[in-house]
Every structure is written in structure tokens, then in C-alpha cells.
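The numbering of the sequence shown is full-length UniProt numbering, which starts it at 1 and goes up by one.
The beta-carbon is built from N, C-alpha and C at its ideal position, and this holds for glycine as well.
As the structure is a computational prediction, the values presented were derived from the model and not from experiment.
Data block below; observations after.
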Amino acid sequence: MTTTTYSEVWDLDVFFSGGSASPEFAAHLEETKTMVENFKAKVSSWNPTNTSEDGQQLLSIVHAFEQVTKKVRQAGAFVSCLQAQNTEDRLVEGLRGNVTGISAEFQIGLTDLDQKLTSINAEVWSSILEQEGLKELAFVLSERRQEASEKLSKDEETLINALSVDGYHGWGQLYDVIVGTTKVEINENDTTKALSVGQAANKFSHPDRNVRKEVFAAWEKAWGDKSAYLSKTLNHLAGFRLKVYKQRGWEEVLKEPLAINRMKKETLDTMWKVISDKKAPLVKFLERKAELLGLEKLSWYDLDAPLGQAETKISYQEGAEFILEHFEKFGDEMTGFAKKAFEEQWIEAEDRPGKKPGGFHTYFPEDSQSRIFMTYSGTPSNVSTLAHELGHGFHTYAMRDLHTLNRNYAMNVAETASTFAEMIVADASVKNATTEEEKLALLEDKVQRSVALLMNIHARFLFETRFYEERKEGIVSTERLNQLMEEAQKEAYGDALEEYHPLFWASKLHFYITGVPFYNFPYTFGYLFSLGIYAQAIEEGKGYEEKYISLLKDTASMTVEELALKHLNVDLTQPEFWEKGVQLCIDDVEEFLQLTNK
Numbered sequence: 001m002t003t004t005t006y007s008e009v010w011d012l013d014v015f016f017s018g019g020s021a022s023p024e025f026a027a028h029l030e031e032t033k034t035m036v037e038n039f040k041a042k043v044s045s046w047n048p049t050n051t052s053e054d055g056q057q058l059l060s061i062v063h064a065f066e067q068v069t070k071k072v073r074q075a076g077a078f079v080s081c082l083q084a085q086n087t088e089d090r091l092v093e094g095l096r097g098n099v100t101g102i103s104a105e106f107q108i109g110l111t112d113l114d115q116k117l118t119s120i121n122a123e124v125w126s127s128i129l130e131q132e133g134l135k136e137l138a139f140v141l142s143e144r145r146q147e148a149s150e151k152l153s154k155d156e157e158t159l160i161n162a163l164s165v166d167g168y169h170g171w172g173q174l175y176d177v178i179v180g181t182t183k184v185e186i187n188e189n190d191t192t193k194a195l196s197v198g199q200a201a202n203k204f205s206h207p208d209r210n211v212r213k214e215v216f217a218a219w220e221k222a223w224g225d226k227s228a229y230l231s232k233t234l235n236h237l238a239g240f241r242l243k244v245y246k247q248r249g250w251e252e253v254l255k256e257p258l259a260i261n262r263m264k265k266e267t268l269d270t271m272w273k274v275i276s277d278k279k280a281p282l283v284k285f286l287e288r289k290a291e292l293l294g295l296e297k298l299s300w301y302d303l304d305a306p307l308g309q310a311e312t313k314i315s316y317q318e319g320a321e322f323i324l325e326h327f328e329k330f331g332d333e334m335t336g337f338a339k340k341a342f343e344e345q346w347i348e349a350e351d352r353p354g355k356k357p358g359g360f361h362t363y364f365p366e367d368s369q370s371r372i373f374m375t376y377s378g379t380p381s382n383v384s385t386l387a388h389e390l391g392h393g394f395h396t397y398a399m400r401d402l403h404t405l406n407r408n409y410a411m412n413v414a415e416t417a418s419t420f421a422e423m424i425v426a427d428a429s430v431k432n433a434t435t436e437e438e439k440l441a442l443l444e445d446k447v448q449r450s451v452a453l454l455m456n457i458h459a460r461f462l463f464e465t466r467f468y469e470e471r472k473e474g475i476v477s478t479e480r481l482n483q484l485m486e487e488a489q490k491e492a493y494g495d496a497l498e499e500y501h502p503l504f505w506a507s508k509l510h511f512y513i514t515g516v517p518f519y520n521f522p523y524t525f526g527y528l529f530s531l532g533i534y535a536q537a538i539e540e541g542k543g544y545e546e547k548y549i550s551l552l553k554d555t556a557s558m559t560v561e562e563l564a565l566k567h568l569n570v571d572l573t574q575p576e577f578w579e580k581g582v583q584l585c586i587d588d589v590e591e592f593l594q595l596t597n598k
């Protein structure tokens with residue numbers, strides 16, 4: 001029995017005391033600015049000679065690169081946490097702008113560095129990478145050199161970076177401001193209550209359909225009221241991106257997201273094709289769920305509706321203990337990490353107004369600590385989210401001894417560790433169910449994850465690819481955005497719903513993230529990739545943790561195709577691997593259909 005009571009509020013003071021008014025953080029920003037300027041000067045003064053001496057120069061620059069990276073990431077993580085915990089904190093806006101400005105300056109130095117890497121000829125480059133201190137960085141440095149060769153000149157790329165602060169990232173920040181001021185007004189006990197979007201979103205799993213329907217109407221109204229601002233934001237964000245691509249001569253909109261995720265188009269196409277071909281059981285699941293809820297067809301707001309009358313409430317403490325108990329069965333390292341996160345207040349889970357919606361994990365490299373953000377209201381789905389974010393944290397923990405530049409894993413593999421952790425907990429929940437009703441509710445929650453990742457994410461991908469194609473021709477109107485979204489949802493959900501969510505493009509932060517374009521398909525990739533790993537883990541039992549950690553360590557220093565071949569012995573461009581992953585989802589659906597076949 002545990003005697004520790006876990007706090008639902010995180011500790012940020014350990015990094016910089018005083019929140020957004022912290023003098024320590026102000027000093028950190030000043031120091032970071034100076035380090036960025038020194039880094040830029042160091043790069044600027046290096047003129048490659050195409051001799052082995054370039055290796056020593058590069059080693060010195062890489063050392064500075066590592067130090068600045070830690071400083072900038074520390075600042076970005078702190079501001080993200082401040083912004084998420086309190087949307088009313090007006091001081092954070094200035095800090096966010098400050099950090100964005102510093103990052104852009106750093107990017108200018110990196111652009112200069114990357115261009116210089118391209119001026120070293122192939123033979124000298126190969127010999128440099130054999131040198132002590134650079135050998136371990138061969139993949140990431142060669143990747144930078146290759147990507148720079150496909151970009152514009154140093155001056156042009158520098159100009160793009162400078163203009164992006166206000167012309168690109170500014171639009172992403174505007175989205176945060178709009179969301180922070182968006183309130184969803186609902187009627188509760190004859191009084192009007194203004195909910196934050198995070199609080200309102202939690203109501204979609206309410207057992208009473210009238211409540212869900214009312215919240216959805218208010219939700220649509222809230223986003224509809226802001227849709228003119230949001231469509232302008234989305235159009236300009238995409239417009240900026242497309243203009244940059246055009247200048248670089250990149251025809252394919254997916255070129256950048258695929259490069260960021262270190263994967264081939266062939267792999268992505270194969271994955272979506274397998275999903276599209278095997279969607280019928282998921283449609284059956286949605287039809288059966290409608291039947292169980294006494295409906296002809298589900299609507300968007302019924303997707304998360306619980307089955308049965310018992311609304312399972314799990315306290316934060318119980319949720320934490322359940323996660324620890326089942327991580328324990330997988331491995332000691334993962335359990336130790338999660339225990340530390342709970343005990344040392346690395347998690348912000350309190351259900352209170354004024355918080356941002358959603359959940360995330362961020363890392364403070366100077367302290368080797370993670371922070372996790374979510375709003376915990378006691379649903380089984382909240383426990384899954386908590387496990388998911390702890391999985392992200394474990395990924396960074398597994399890489400803690402690697403060189404900083406070898407820890408920059410892409411989003412598709414980032415989603416692998418989080419989904420893996422989530423699977424451990426979801427599976428345990430189903431197996432531990434004491435009644436048939438409880439088992440059904442938990443199995444349904446598990447299938448919902450497949451619906452989200454194979455249908456909802458597919459809709460986002462279809463919407464975004466089509467929106468970008470139309471945006472090439474000019475501004476896409478709010479009405480057209482609604483239309484594109486509804487069409488994408490109908491296709492992705494196999495026409496299984498009665499009422500859709502045309503304003504989803506407005507309510508989903510992922511379309512507005514400037515750091516990573518196409519913040520969608522990596523989730524599905526990570527989900528199915530982790531299912532493949534999970535299947536191996538079940539087969540091998542507790543001893544698998546060591547193999548799992550060695551896979552995680554490689555996630556930032558090879559392509560996903562190489563990673564899968566090395567650690568799983570599979571070819572991701574072929575359908576077999578993806579079919580196995582989707583089949584695991586179908587198995588859950590079939591078990592659900594059997595249980596409800598009465």
C-alpha cells in the first residue's frame with residue numbers, strides 16, 4: 001500500500017521561481033540571447049577549407065550548438081507550461097514572443113551552419129565524420145547537410161526565418177489567443193455557465209445524450225462565432241508555408257512533413273491504403289454502439305459516449321496507482337520513471353477553469369526533468385491520457401545519456417512510446433474488469449482509440465492535404481473549409497455518422513502548430529508502429545524492456561524504415577506489417593461485437 005498522496009499540481013518553481021514574473025527566467029532569456037549571438041558569430045567566422053581541419057572547427061561549433069539547444073528548449077518548455085496552466089496569464093504572451101524571437105535568431109545561425117556544411121565536398125565530409133566526437137553524430141549532421149542542399153541560399157533562408165516570426169509563427173500564436181478567450185456557454189441548473197474549451201470537451205463523454213447534444217450545439221456556436229478569425233489564421237499560416245515551398249521549388253506539400261518524420265512517401269501511402277481497405281469492422285463497431293445507445297446512427301457528439309449507466313469515476317490517486325502497478329509488469333525502468341514523475345510533482349492534472357485544452361509532455365534539458373500537462377476529471381480515458389504522456393516522458397528518459405543532437409526524435413516515433421504506455425494500461429484495464437459491464441466499457445474505450453487514430457486522424461489528413469491543394473489557388477473560405485472537413489469526415493468514418501463536426505478545423509490546435517506541418521499522420525504511424533512492438537513485448541514478457549529501450553535510443557538517429565528493419569526486422573513500405581497492426585485493432589472490435597451480440 002502506498003502512503004504517498006500524489007499532487008495534481010505540478011512544480012515549475014524548481015526551474016524558475018515566480019512564474020511569468022520570474023527574475024530568474026528573465027535572466028535565463030538574457031543569457032540565452034547572448035549565447036545565440038556568440039553561436040552565430042562562431043559559425044560566421046568559420047570558412048570551410050575542405051581539409052581535415054574543418055573537423056576540429058565543426059566539433060567546436062557542435063559543442064556550442066548543443067549548449068544553446070539546451071538553453072532554448074528550457075525556455076520554450078517553461079513558457080509552454082505557463083501558457084497551458086493559466087490562459088489568463090497576460091505576461092506569458094510577451095515571454096512567448098521573446099522565446100520565438102530567440103529561436104528565430106538561433107535558426108539564422110543554424111541556417112548559416114547548414115549552408116557551410118554543403119560547401120564541404122563529399123570525400124572530405126566522409127573523412128570528417130570518422131573523427132572522434134563527430135562519428136556518433138554522422139546521421140544527424142548528414143541529414144542537416146542534405147536538407148540544406150535542397151533549400152535556398154543562406155541570405156534567402158535567413159530572410160525567411162526573420163519574416164517568419166511575425167508572418168508565420170505569429171499566426172500560430174494568434175490561434176492560442178483566440179482559444180484562450182473562447183468560452184462555451186451551457187445551461188446548468190437554470191444558470192448559464194461559461195466553460196473553457198478544455199472543460200467543455202470533457203463533457204462529450206457525459207452519459208446523458210441531452211447534455212452531450214447541448215454542449216455540442218454550444219461548442220459549434222462558440223467556434224462558429226470565432227470562425228472568421230480562425231479561417232483567416234489558417235489561410236495565412238498555410239499561405240506562408242506554401243510560398244516558402246514554392247520559392248524552394250518544392251512541388252509536393254508533404255515533402256517537409258515526410259522529411260521531418262524521416263519516412264518515405266511509399267511508407268505513408270501503404271499505411272493509409274491498408275487502413276482504408278480494412279475499415280469495415282470499425283464501421284460495424286460504430287453501428288453496434290449506436291444500437292446499444294438506442295440510436296439509428298451515432299452523431300459526432302456520441303462518439304465518446306459511455307456505454308451503460310455507470311459513469312466510472314477513478315480518482316487521480318487511483319489512476320496513478322493503477323498505471324504504476326501495470327508498468328511494473330513490463331519493466332522496472334519505466335515504473336521507476338513514472339513513480340518519480342508522480343512523487344516529484346512533474347504532472348499538472350487538476351480540473352480547474354482557465355487551463356488550456358488537451359494534454360502534452362515537455363522536457364527541461366538543463367534539469368533532465370519532464371513535465372506533463374492534462375486536465376484529469378476521473379474518466380478511464382483520462383487514465384489512458386496520463387499513461388500516454390508518461391510514455392512520452394519515458395522516451396526522453398531512455399535517451400538521457402545520448403548526445404543532445406542525437407535526441408531529436410521525430411513526431412511519428414514520439415507517438416510510439418506514448419501509445420505503447422497507453423496500451424499497457426488499456427489492456428490491463430480490460431483484463432482486470434470485474435463485471436461484464438465494466439469490461440465492455442473498457443474494451444469500448446480501447447476500440448475508441450482505434451477509431452480516433454484510424455478514422456479521426458485519417459479525416460484530418462484528408463482535410464489538410466485537400467485544403468493545401470486548394471490554398472495554392474487562393475484563400476479558402478470558411479464555408480469551403482466546413483465543406484472540406486465534413487467531406488473528409490464522411491470518407492474517413494465510412495459514412496457511419498448522422499451528424500458531423502464541420503468546424504473541427506477551427507477547434508483543433510494541430511492545424512495551427514507552426515513547428516511541425518501536418519500534425520496528423522505521425523499519430524497513426526506511431527499507434528500502429530507501437531502495436532507491432534507491443535505484440536513482441538507480450539510474447540517476450542518482462543525481459544523485453546531492454547530491447548525496447550535500445551529501440552527508443554535509436555529513434556533520432558536513423559530513418560523509420562531503418563529503425564523497423566534493425567529492431568523489428570520488417571519492411572514498412574510493404575503492407576504486411578501494417579496489416580498485423582490493424583488486425584490487433586480488429587480483434588478488439590470482434591471481441592466487442594461478441595460481447596454485445598445479445
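Self-check item: Neighbourhood of E214 by C-beta, 8 angstroms cutoff - its chain only, sequence neighbours within 5 removed
Solution: For E214, where only same-chain residues beyond five positions count, the Cβ hits under 8 angstroms are I186, N187.
* To do: Can you say whether K273 is buried or exposed, counting buried as having 16 or more other CB atoms within 10 angstroms of its CB?
  => Exposed, by the Cβ-count rule.
In angstroms, rounded to a whole number, what distance separates the CA positions of R407 and K284? Between the alpha carbons of R407 and K284 lies a distance of about 41 angstroms.
- Message: Starting from K70, trace the alpha helix (DSSP H) in both directions and tell me its first and last residue.
- Response: For K70, the uninterrupted alpha helix (DSSP H) run begins and ends at 53 to 85, by DSSP.
Next on the checklist: Suppose you measure from the CA of E437 to the CA of G308; what does that come to, to the nearest Å?
Outcome noted: So the alpha carbons of these two residues sit roughly 7 angstroms apart.
Residues bridged to S429 [DSSP beta-bridge criterion]:
The partner list for S429 (beta bridge, DSSP) is empty, contrary to what the question assumes.
Buried versus exposed call for M1 [16 or more other C-beta atoms within 10 Å across all chains shown]: Because the pLDDT of M1 is 48, which lies under 50, any placement of that residue in the model is unreliable, and the question is left without a value.
Practice task
For V582, collect the residues of the same chain with a Cβ closer than 8 angstroms to its Cβ; drop the 5 residues on either side in sequence, then sort them by chain order.
Solution key: Excluding positions up to five away in sequence, the list reads V274, I275, K278, L454, L528.
* Asked: What are the boundary residues of the beta strand (DSSP E) that includes Q369?
  -> Per DSSP, Q369 belongs to the beta strand (DSSP E) from 369 to 373.
Next on the checklist: Can you list, in chain order, the residues of its chain with a C-beta nearer than 8 angstroms to that of E328? Leave out the 5 residues immediately preceding and following it.
Outcome noted: Counting only Cβ-Cβ distances below 8 angstroms, and skipping sequence neighbours, we find T335.
Mark L230 as exposed unless 16 or more other C-beta atoms lie within 10 angstroms of its C-beta, in which case mark it buried. Flag for L230 reads buried.
Q: Indicate whether the contact test is met: 3 or more Cβ pairs, each with one atom in the segment 494 to 508 and one in the segment 295 to 305, closer than 8 angstroms.
A: Proximity of the segment 494 to 508 to the segment 295 to 305 meets the contact definition, three or more beta-carbon pairs being nearer than 8 angstroms.
Between the alpha carbons of N569 and A426, how many angstroms are there, rounded? So the two alpha carbons sit approximately 26 angstroms from each other.
Task: Reference K542, options L572, E333, E344, K339, closest by Cα - done: Minimum Cα distance to K542 is reached at E333.
- Message: Using the Cβ count rule (16 or more neighbours within 10 Å means buried), how would you classify I347?
- Response: Buried is the label assigned to I347, since at least 16 other Cβ atoms lie within 10 Å of its Cβ.
### Query
What are the partner residues of T191, as DSSP defines its beta bridges?
In DSSP, T191 forms a bridge with E188.
ask   = Would you say the segment 251 to 271 touches the segment 394 to 413, given that touching needs at least three Cβ pairs under 8 angstroms?
value = Yes, the segment 251 to 271 is in contact with the segment 394 to 413.
- Contact the segment 21 to 41 vs the segment 64 to 79: 3+ CB pairs below 8 angstroms: Yes, the segment 21 to 41 touches the segment 64 to 79.
Q: Would you tell me roughly how many angstroms separate the C-alpha atoms of E470 and W505, rounded to the nearest one?
A: Distance between the alpha carbons of E470 and W505 is about 15 angstroms.
query = Do we get a CB-CB distance below 8 angstroms when we pair G109 with the residues of chain C?
reply = Annotation note: the requested chain C is absent from the structure, which comprises a single protein chain.
Count the other C-beta atoms from every protein chain shown that fall within 10 angstroms of the C-beta of Q594, then say buried if there are 16 or more, exposed otherwise.
-> Per the 10 Å Cβ criterion, exposed.
Burial state of A27, where buried means 16 or more other Cβ atoms lie within 10 Å:
Label assigned to A27: exposed.
- Pull up the DSSP beta-bridge partners for F364, would you. According to DSSP, F364 bridges with Q369.
Item to check | For K355, three-class secondary structure by DSSP | outcome: The three-state secondary structure of K355, taken from DSSP, is coil.
| field | C-alpha distance - residue 600 paired with V430, whole-angstrom precision | value | Beyond the ends of the chain as shown, which are 1 and 598, falls residue 600; an answer cannot be given.
_Bridge partners - I513, DSSP secondary structure assignment_ = Paired residues: none, contrary to the question.
### Task
Please confirm if the segment 97 to 108 is in contact with the segment 46 to 62, defined as three or more CB-CB distances below 8 angstroms between the two stretches.
Not touching, per the Cβ criterion.
message: Helix, strand or coil for E545? Go by DSSP, reduced to three states.
response: Here E545 carries a helix assignment [DSSP, helix/strand/coil].
Requested in this report: Given a cut-off of 8 angstroms, decide if T416 and S530 are closer than it, judged by their beta-carbon atoms.
Outcome: Yes; because the gap between Cβ atoms is below 8 angstroms, this pair is in contact.
(Q) Please report the distance separating the alpha-carbon of Q345 from that of E291. (A) In this structure, the alpha-carbon of Q345 lies about 43 angstroms from that of E291.
Candidates E591, L82, I586: closest to A280 by CA position: From the listed residues E591, L82, I586, the smallest Cα separation to A280 is found for I586.
TODO: Quick one: grab the DSSP three-state call for T2.
DONE: Reliability fails at T2, whose pLDDT of 49 lies under 50, so the model's placement of it is uncertain and no value is given.
- Query: Can the beta-carbon of K203 be found closer than 8 angstroms to that of V211?
  - Reply: Cβ distance < 8 angstroms, so K203 and V211 count as in contact.
(request) Quick one: give me the first and last residue of the alpha helix (DSSP H) that L293 is part of. (result) DSSP places L293 in no alpha helix (DSSP H); its state is neither H nor E.
Can you list, in chain order, the residues of its chain whose CB lies under 8 angstroms from that of V383, leaving out five sequence neighbours each side? I314, G319, F322, I323, V425, S429.
Exercise for the section: May I have the straight-line CA-CA distance separating E561 from L12, to the nearest angstrom? Expected result: In a straight line, the C-alpha of E561 is about 38 angstroms away from that of L12.
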